[in-house]
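Novice: Okay, handing you the structure first.
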Amino acid sequence: MKIATTKIGSFINTLPENIKTVLLFGPDQGLVRERAEVLVHGMVGNLSDPFRVAEISANNLRDDPALLFDEA
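FYI, the numbering for the sequence shown is 69 to 140, going by the working numbering.
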């Protein structure tokens, strides 16, 4: 599912229960990080839980595309 930029705010605030994985990207890294933190808190609560949260950098993903599948 792709969420339009204009609808991301309402999506974040009313996150459907069936959403288990989210991929965020965009040119504004600060905005992406801000939205990611809100989503993670809504989905898993604790950002420090290594069994529920994985942060993958663009460089790591470029070097190993399977990492995205492995972490999902």
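For glycine and all other residues, C-beta sits at the position ideal for the given N, C-alpha and C.
Using alpha carbons as the reference points, say which of G98, P133, A104 lies closest to L83.
Specialist: A104
Novice: For the structure I just gave you, are there three or more beta carbon pairs, one from the segment 106-123 and one from the segment 69-85, closer than 8 Å?
Specialist: yes
Novice: Helix, strand or coil for S78, going by three-state DSSP, please let me know.
Specialist: In the structure shown, the three-state DSSP call for S78 is helix.
Novice: Quick one: give me the first and last residue of the alpha helix (DSSP H) that L115 is part of.
Specialist: That residue, L115, is in no alpha helix (DSSP H); it is neither H nor E in DSSP.
Novice: Please state if the CB of A126 and the CB of T89 are separated by a distance shorter than 8 Å.
Specialist: no
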